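Asker: What follows is a single structure, and I will ask about it in a moment.
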Amino acid sequence: MVHRLKSRIFIEGFAGGALVAFFELLALIPALTLLGNVIAPLPLAIVVKRRDLKTGALAFLVACLFFCLISRASLPDLIMILQTGLLGLLLGVLLKNNLSTGQSITFYILSAAVLTLISFSVIFWTTKINMFVLSQENRQSMEQILVSYVSMGTAEKTLTQETAQIVKETVNLAGQLLPANWIILTMITSFITYVLSFKVLSRLGSSVPEWLPFMRWQFPWYLVWSLIAGLAMILAGDYFNRPIVALIGRNVFYIAGFIYSLAGLSVGAYFAVKWKFSIVVKLLLVFLGIFYTPVALAFLMILGIFDSFIHLRYIIESGGSRHGGDFN
């Protein structure tokens with residue numbers, strides 16, 4: 168009986184590792200890179216949750232061996248599979264210890280962001296490939312896409328000097344914010360991986376912590392220091408002529424603004440449900456948000472910052488007390 172159980176554990180670890188290698192091989196195909204990176208950590212997380220960390224580590228080793236033997240992957244690809252494996256093991260440990268959804272998802276997403284920074288730094292140190300710099304080919308592609316979009320519906324084949332300057336500045340800004348966009352993309356994909364792990368484990372009959380609805384999301388007040396730090400670095404970099412400091416500040420501010428926009432959207436979703444907005448009103452708000460995107464994002468960010476200090480949902484649900492509600 169014990170021998171059969173050990174054989175089953177070994178088979179599960181072997182199968183989990185093979186699945187990780189398969190999804191990482193899919194990620195080598197440009198069109199499937201995002202899908203492969205989202206799904207790849209799941210088998211390791213499931214193995215750790217259902218068995219233990221030792222079996223998960225075995226599966227990780229099998230995945231690395233399969234990936235190296237089948238593919239002719241470059242060093243950056245090998246570094247990324249190491250990141251995927253570590254995230255899968257971490258996710259499995261978090262789920263196995265039955266931490267609350269808020270604690271586990273926050274730690275997992277932050278760990279994914281930090282590992283991305285470390286991985287890209289190692290790639291640059293070993294291969295001199297800078298993932299945080301927009302390549303000349305990608306820059307030209309972006310310029311062509313923007314020029315085509317701006318010229319759409321006009322008879323003019325060439326842009327005015329002013330419009331061409333706007334296109335150039337837009338591409339430059341996108342290049343400056345590329346590190347922040349990488350981090351945000353990592354946060355989004357890791358969140359999707361976390362959600363998928365919940366769905367799969369529930370289907371397999373494993374216990375998972377209670378899910379925290381989106382309209383209950385709330386970030387701590389001290390997150391505002393990231394906005395302050397980013398803004399201070401921008402001002403200091405511009406004043407003392409330190410472009411790299413200003414660049415880091417812009418990326419920090421951009422990431423913090425994205426997080427606070429999510430917080431504001433959570434508050435908006437709460438009031439939309441509580442006040443029972445009709446479908447027409449909801450569609451109108453979505454339309455206005457898309458049509459006036461910069462204004463909508465600024466409003467959501469301010470709402471998220473305000474809620475982190477005032478606790479609007481606390482106050483409403485507790486009848487005016489800041490210490491009531493379901494968030495404590």
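The working numbering puts the sequence shown at residues 168 to 495.
Yeah, the Cβ is synthetic: ideal placement off N, Cα and C, and Gly gets one too.
These figures come from a predicted structure and were not determined experimentally.
Within this structure, are the beta carbons of residue 251 and residue 191 separated by less than 8 Å?
Answerer: Yes, they are a contact pair.
Asker: Look at residue 225 and residue 187 and say whether their C-beta atoms are less than 8 Å apart.
Answerer: Not closer than 8 Å, so no.
Asker: Measure the C-alpha to C-alpha separation of residue 463 and residue 244 and round it to an integer number of angstroms.
Answerer: The straight-line gap from Cα to Cα measures roughly 38 Å.
Asker: What residue from 416, 367, 423 and 435 has the CA that sits closest to residue 214's CA?
Answerer: That would be 367, whose Cα lies nearest to the Cα of residue 214.
Asker: Assuming the contact rule is C-beta atoms closer than 8 Å, residue 259 and residue 306 should be a hit. Round their C-beta distance to whole Å, please.
Answerer: Not quite, the Cβ-Cβ distance comes to about 40 Å (not below 8 Å), so this is no contact.
Asker: Nearest-angstrom Cα distance between residue 430 and residue 393?
Answerer: Their backbone Cα atoms lie some 15 Å apart in a straight line.
Asker: Mind checking which residues open and close the alpha helix (DSSP H) that includes residue 503?
Answerer: Only positions 168 to 495 of the chain appear in this structure, which leaves residue 503 out of reach.
Asker: Taking all protein chains shown into account, decide if residue 406 is buried (16 or more other Cβ within 10 angstroms of its Cβ) or exposed.
Answerer: When all chains shown are included, residue 406 counts as exposed.
Asker: Using the Cβ count rule (16 or more neighbours within 10 Å means buried), how would you classify residue 286?
Answerer: Residue 286 comes out buried.
Asker: Spell out a yes or no on whether the segment 473 to 486 and the segment 382 to 392 are touching, meaning 3 or more CB-CB pairs, one atom from each, closer than 8 Å.
Answerer: Contact between the segment 473 to 486 and the segment 382 to 392 is present, because at least three Cβ pairs lie under 8 Å.
Asker: Can you confirm whether the segment 465 to 473 touches the segment 417 to 427 when touching is taken to mean that 3 or more C-beta pairs between the two stretches lie within less than 8 Å?
Answerer: Yes, the segment 417 to 427 is in contact with the segment 465 to 473.
Asker: Considering only residues of the same chain and omitting the five flanking positions on each side of residue 577, which have a CB-CB separation below 6 Å?
Answerer: For the chain, the structure presents residues 168 to 495; residue 577 sits outside this window and is missing.
Asker: Using the C-alpha atoms, what's the distance from residue 207 back to residue 569?
Answerer: With the chain covering only 168 through 495, there is no way to say anything about residue 569.
Asker: Looking at the structure shown, is residue 288 part of a helix, part of a strand, or coil, going by DSSP?
Answerer: Note: residue 288 maps to helix in three-state DSSP.
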